[in-house]
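Comments concern the structure below.
2 protein chains.
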Amino acid sequence: MSTGHHHQPIDLTRNQSLVLGALEKAEGPLSAYTILDRLRDDGFRAPLQVYRALDKLLGAGLVHRLESLNAFVVCAHPNCHAQGMIAFAICGTCGKVDEFSDAVVQERLGSWARENAFKAEKSIIELRGTCAGCLNG
Amino acid sequence: MSTGHHHQPIDLTRNQSLVLGALEKAEGPLSAYTILDRLRDDGFRAPLQVYRALDKLLGAGLVHRLESLNAFVVCAHPNCHAQGMIAFAICGTCGKVDEFSDAVVQERLGSWARENAFKAEKSIIELRGTCAGCLNG
DNA sequence: TTCGCAATGTAATATCATTACGTTTGTGAG
DNA sequence: CTCACAAACGTAATGATATTACATTGCGAA
């Protein structure tokens, strides 16, 4: 599988910066509507303002979408460009998300795709469970 | 990672059979509301009838949820018991879904979890792209 | 300046899922 | 058998997530 990601570095607009900032301040993933609530004081009024900013941020690879949560997190990498395949471990107790990647997993899924003539554009890998902190604490 | 799945074989109720039947008849994944629409003639009236049946079917491993689609498919295995980790390749063009699993991927994700003291309860692996048929056709 | 495009503002609507509450049904203990 | 309990069911209301539609604004290129 080609990594397929061609994230464009972009100049963030005001709305995009605000949304990114909200996600950076947050400890974990936020839903679009939670972001909206947190940006009311900055003039946000409608879901679309959030979704439009998220689209751009996702496109630039600065933010990831967690499909199993319908929520969004900032990319863990300082200047995330073309990470290829990314996986997430999501703690159901504290809500924190750990982002990681694994070349072997990437290679295996890529192999499957090649063997089955499937052109993969995006992969979603999410582990749901309990993090170390919550298991001990 | 332990495979962790302990699907109970169950005696299906009428509603559960109807929902399973709808998914079996379908070519690809269906949303809960699409299932509801297809079962109107069988007396279905409310979303909850579908969601309750789906809960049981998911618990029994007869049906899978596609997180990136908010939709449901029948398990590809005749008598799906305890498959461990399952992956899906979802064609964005025709909507068909291919279910597969890979022991190496399972092992690698399990290793990551072990090394990070993360107790994984469920894994979600979905490839989005275009299937062979749609690439050729 | 004028055209065109990206971003924005706002309202309405579509889609997905759950809570709440009351009733029915099946089943095992006595 | 029948009582008591649990599981399943019916229905309405609501909550949560996401998109469509349309008017407007800001700004760079011709």
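Heads up: the sequence lines are chains L and X, in that order. The first sequence begins at -13 in this note's numbering and counts up one residue at a time. The second sequence begins at -13 in this note's numbering and counts up one residue at a time. Don't be surprised by glycine CBs; every beta carbon is placed ideally from N, CA and C. All values reported here derive from a predicted model rather than from experimental measurement.
Buried versus exposed, by CB contacts within 10 Å (16 or more), residue i
| i | result |
| --- | --- |
| residue 50 (chain X) | buried |
| residue 90 (chain L) | exposed |
| residue -4 (chain X) | exposed |
| residue -11 (chain X) | With a pLDDT of 39 at residue -11 (chain X), under the threshold of 50, the modelled position of this residue cannot be trusted; read the value that follows with caution. The residue in question, residue -11 (chain X), is exposed, as its Cβ has fewer than 16 Cβ neighbours within 10 Å. |
| residue 121 (chain L) | exposed |
Sequence-distant residues of the same chain with beta carbon closer than 8 Å to residue i, five excluded per side
| i | result |
| --- | --- |
| residue 83 (chain L) | 14, 15, 52, 59, 74, 75, 76, 77 |
| residue 95 (chain L) | -13, 71, 106, 109 |
| residue 8 (chain L) | 16, 21, 24, 25 |
| residue 0 (chain X) | none |
Selection from the options that minimises the alpha carbon distance to residue i
| i | options | result |
| --- | --- | --- |
| residue 43 (chain X) | X:28, X:29, X:6 | X:6 |
| residue 12 (chain L) | L:97, L:86, L:80 | L:80 |
| residue 33 (chain L) | L:22, L:17, L:117 | L:22 |
| residue 54 (chain L) | L:119, L:123, L:111 | L:111 |
| residue 117 (chain L) | X:20, X:102, X:2 | X:102 |
Neighbourhood of residue i by C-beta, 7 Å cutoff - its chain only, sequence neighbours within 5 removed
| i | result |
| --- | --- |
| residue 88 (chain X) | 73 |
| residue -2 (chain L) | 6 |
| residue 2 (chain L) | 39, 42, 43 |
| residue 119 (chain L) | 80 |
Sequence-distant residues of its chain with Cβ nearer than 6 Å to residue i (five each side left out)
| i | result |
| --- | --- |
| residue 113 (chain X) | 75 |
| residue 10 (chain L) | 60 |
| residue 4 (chain L) | 25, 28 |
| residue 30 (chain X) | 22 |
Supposed contact pair residue j and residue i - C-beta distance, whole angstroms, cut 8 Å
| i | j | result |
| --- | --- | --- |
| residue 18 (chain L) | residue 36 (chain L) | 5 Å |
| residue 115 (chain L) | residue 104 (chain X) | 6 Å |
Runs of alpha helix (DSSP H) wholly within the region 49 to 113 of chain X (minimum 4 residues, chain order): 89 to 101
May I have a chain-ordered list of the alpha helix (DSSP H) segments no shorter than 4 residues that lie completely inside the region -7 to 38 of chain L? 0 to 11, 18 to 24
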